[in-house]
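Protein chains in written order, with this note's numbering: chain A, 285 to 580; chain B, 465 to 702. The beta-carbon is built from N, C-alpha and C at its ideal position, and this holds for glycine as well. Predicted, not measured: the structure shown is a model, and the values here were computed from it. First comes the structure, then the notes that go with it.
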Amino acid sequence: MGNFFFGPFVDNEFLRQSLYAGILVSAICAVAGTFVVLRGLAFTGDALAHGVVPGVAAALLFGFSGVLGAAIGAGVMMSGVSVVTRRYRLSGDTAIGLLFVGMLALGVIIQSRSESFAGDLTNILFGEVLGVSNSDLMWQFIALVAVCVVAWLCRRPFLLLSVDDGLTETSGFSVKKYHNIMLAMVALTVVASFQTVGTLLVLGLLIAPAATGALFARRIGIMMVVAAVVGIFSTYVGLLVSYHANVAAGASIVFCSVLVFTACAVVVEVQRWQAHRKDIHHDHDQPHVHGHVHVS
Amino acid sequence: MSARIEATGLAVGYGHRPIVEGLNFSLQPGELLVLIGTNGSGKSTLLKTLAGLVAAQSGDVNVLGAAPGTQHSLVGYLPQHPVSSHTLPLRVEDVVAMGRYAHLGLTRRARGEDHRTVQESMERTGAIAYKSRPLRDLSGGQQQRTHLAQVLARRADVLLLDEPTAGLDLVGRQAVAELVAQERARGVAVVMATHELSDADTADMVMLLAQRVVSQGSPTTALTDAALRECFGFTQPH
């Protein structure tokens, strides 16, 4: 039985490497994803994830670093969203939607010039979790440290931004400056994660574990820890399912994280329903507490 | 004693459209200015201008001798509808502690004085009774008390309160009136927007707004039947 659960990771170095990468990506996504969920940046996060596609496609076509290409793509996306929103007085989601499809289309156009179009595009969109190298792990570890340092240093303005822009500004923190730093942190997370789970699926690891944390946690730090645990658990189960059922690894990881969220949301709803029933019974048994008058 | 807030020929609004023009007032330490008017009359815009969130369109205004929005740790601002996200996993005491961030800046660690101020602010508003509960689980009135405690925790010299009694019952409204009185006693200048005429009873100055200044002065001189009829279309009973 133990062989079923642990054997694949003991016997296969490539699967072990994938697990290490998944753990690092889960930790990065837990920190950045917490603020994405709290500030309501899911759509922006998704757009940033797709914004890296043309950069990575160009990197593959012209033979430079995919990470560099992704970073350039994310930078262009961030600047574009900022300019379109500010100059043209469009709502944020319209600006993001425009750039989202524009960048994705550009990525597909660039990639269509490649001889291995379908295979490369699949790797960009859905990741290459089973092809993680030591240098990938090192880069992801550096990204994890950078994201943790930024999140710790900016914890106060990030927290204020999660509550109210006006409160942030009147507390002496520039909304524009710290919003952009938060976006840069999310962009770094996307760049560090896309090789493992792909640009289409990275949002799953950004959102689902952090949203699970938000269901239970009463403090931001606890929310991050819950998110990291859910992400790591999903990585392990996803890789195991992928190994035994011969299905796509990145998608299995993300699907597992969404399943964990769904299961936890059901548990929370049942708990609320039970607490509500208890309150009703309590009121019924002790009418005098609220001054109700029973007429029989 | 120098004025906490001074405005001369001030026009406030958004974009190029002024909502209220020709605002002239001066507020000394311990004084209360109450802004009364219909929705869209310019009350909130004036408060946002004093908080530095909206730029003044014309005229002169200074808060504590400087441009609005420059003395963060000395000015407390309670917005009209403080956002209380349903997903925000924050306890009441964490939300109140955010009131100290203007003093703490990016990196300074909270000290004993900061913790004491947060504790005291929760005690004063009654939020201490549910300090460990998540904000998202509280009623509207309890959330309002929490946000009030957050503003008090700043220990500001100027308080800008946008409808602080909204969502509160009679006891809650009386509690807010007491808090305002306590703050004034310690020299804090308070500007408060409200729909409740009774909130103006203890004010030093009342400004009746309807996208212009309908009347201004002490409660008895500003809240005349004629001014109220002009502002609201009818006379409200006191």
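DSSP state of residue i mapped onto helix, strand, coil
{"i": "Glu297/A", "result": "helix"}
{"i": "Val518/B", "result": "coil"}
{"i": "Phe489/B", "result": "strand"}
{"i": "Ala657/B", "result": "strand"}
{"i": "Ser602/B", "result": "Note that residue 602/B corresponds to Leu in the displayed sequence, not to Ser. Of the three classes helix, strand and coil, the one that applies to Leu602/B here is coil, per DSSP."}
{"i": "Asp563/A", "result": "helix"}
{"i": "Pro482/B", "result": "strand"}
{"i": "Leu497/B", "result": "strand"}
{"i": "Ala471/B", "result": "strand"}
{"i": "Ser662/B", "result": "helix"}
{"i": "Gly540/B", "result": "strand"}
{"i": "Val416/A", "result": "coil"}
{"i": "Gly477/B", "result": "strand"}
{"i": "Arg650/B", "result": "coil"}
{"i": "Phe457/A", "result": "coil"}
{"i": "His574/A", "result": "With a pLDDT of only 43 at His574/A, under 50, the local geometry of the prediction cannot be trusted, and no value is derived from it."}
{"i": "Leu489/A", "result": "helix"}
{"i": "Ala501/A", "result": "coil"}
{"i": "Thr546/A", "result": "helix"}
{"i": "Thr328/A", "result": "helix"}
{"i": "Pro441/A", "result": "helix"}
{"i": "Val640/B", "result": "helix"}
{"i": "Leu303/A", "result": "helix"}
Sheet register partners of residue i (DSSP bridge)
{"i": "Ser518/A", "result": "Ser518/A pairs with nothing; no bridge assigned."}
{"i": "Arg555/B", "result": "Pro598/B"}
{"i": "Gly681/B", "result": "Val670/B"}
{"i": "Asn526/B", "result": "Glu470/B"}
{"i": "Asp626/B", "result": "Ala657/B"}
Own chain residues within Cβ distance below 7 Å of residue i, not counting five before or after
{"i": "Val434/A", "result": "Ile465, Met469"}
{"i": "Tyr594/B", "result": "Val556, Leu602, Gln606"}
{"i": "Ser541/A", "result": "Gly488, Leu489, Ala492, Pro493, Val514, Gly515, Ser518"}
{"i": "Gln614/B", "result": "Val559, Val560, Met562, Gly563"}
{"i": "Ala620/B", "result": "Leu538, Val539, Gly540, Val652"}
{"i": "Pro493/B", "result": "Met465, Arg468, Gly651, Ala653"}
{"i": "Gly501/B", "result": "Lys507, Leu672, Leu673, Ala674, Cys695"}
Rounded straight-line distance, which links the Cα of residue j to that of residue i
{"i": "Leu673/B", "j": "Val498/B", "result": "10 Å"}
{"i": "Leu467/A", "j": "Pro598/B", "result": "27 Å"}
{"i": "Val622/B", "j": "Tyr565/B", "result": "17 Å"}
{"i": "Ile506/A", "j": "Cys432/A", "result": "15 Å"}
{"i": "Phe696/B", "j": "Thr666/B", "result": "21 Å"}
{"i": "Asp663/B", "j": "Ala641/B", "result": "7 Å"}
{"i": "Val459/A", "j": "Arg323/A", "result": "12 Å"}
{"i": "Pro628/B", "j": "Arg648/B", "result": "16 Å"}
{"i": "Ala532/A", "j": "Ser310/A", "result": "18 Å"}
{"i": "Gly386/A", "j": "Arg575/B", "result": "50 Å"}
{"i": "Gly411/A", "j": "Glu297/A", "result": "18 Å"}
{"i": "Arg693/B", "j": "Val635/B", "result": "29 Å"}
{"i": "Cys438/A", "j": "Phe319/A", "result": "11 Å"}
{"i": "Gln680/B", "j": "Val670/B", "result": "6 Å"}
{"i": "Ile564/A", "j": "Thr496/A", "result": "28 Å"}
{"i": "Thr378/A", "j": "Leu445/A", "result": "21 Å"}
{"i": "Val294/A", "j": "Val367/A", "result": "50 Å"}
{"i": "Val509/A", "j": "Thr454/A", "result": "30 Å"}
{"i": "Leu552/B", "j": "Arg600/B", "result": "7 Å"}
Close-in-space but distant-in-sequence residues of the same chain around residue i (CB under 8 Å, 5 per side omitted)
{"i": "Cys313/A", "result": "Thr473, Ser477, Val486, Leu489, Leu490, Pro493, Ala494, Ala511, Gly515"}
{"i": "Val340/A", "result": "Gly350, Gly353, Ala354, Gly357, Gly391, Ile408, Phe478, Thr483"}
{"i": "Phe289/A", "result": "Leu524"}
{"i": "Asp449/A", "result": "Val459"}
{"i": "Ile592/B", "result": "Gln583, Met586"}
Beta-carbon proximity of residue i to residue j, cut-off 7 Å
{"i": "Gly631/B", "j": "Arg609/B", "result": "no"}
{"i": "Leu308/A", "j": "Phe425/A", "result": "yes"}
{"i": "Thr480/A", "j": "Ala305/A", "result": "yes"}
{"i": "Gln535/B", "j": "Leu542/B", "result": "no"}
{"i": "Pro292/A", "j": "Tyr520/A", "result": "no"}
{"i": "Leu514/B", "j": "Pro532/B", "result": "yes"}
{"i": "Val337/A", "j": "Leu388/A", "result": "yes"}
{"i": "Met361/A", "j": "Gly335/A", "result": "yes"}
{"i": "Val518/B", "j": "Ala471/B", "result": "no"}
{"i": "Gln301/A", "j": "Val447/A", "result": "no"}
{"i": "Leu332/A", "j": "Ala471/A", "result": "yes"}
{"i": "Leu345/A", "j": "Ser396/A", "result": "no"}
Cβ-based neighbour list, residue i, same chain, cut-off 6 Å, excluding 5 preceding and 5 following
{"i": "Val582/B", "result": "Val560, Ala561, Ala617"}
{"i": "Ser522/B", "result": "Ala475"}
{"i": "Lys562/A", "result": "none"}
{"i": "Met656/B", "result": "Val498, Leu625"}
{"i": "Val552/A", "result": "Leu499"}
Proximity test, residue i beta-carbon vs the ligand NAP heavy atom, cut-off 6 Å
{"i": "Ser536/A", "result": "In terms of ligand content, the structure shown is empty, and the ligand NAP therefore cannot be addressed."}
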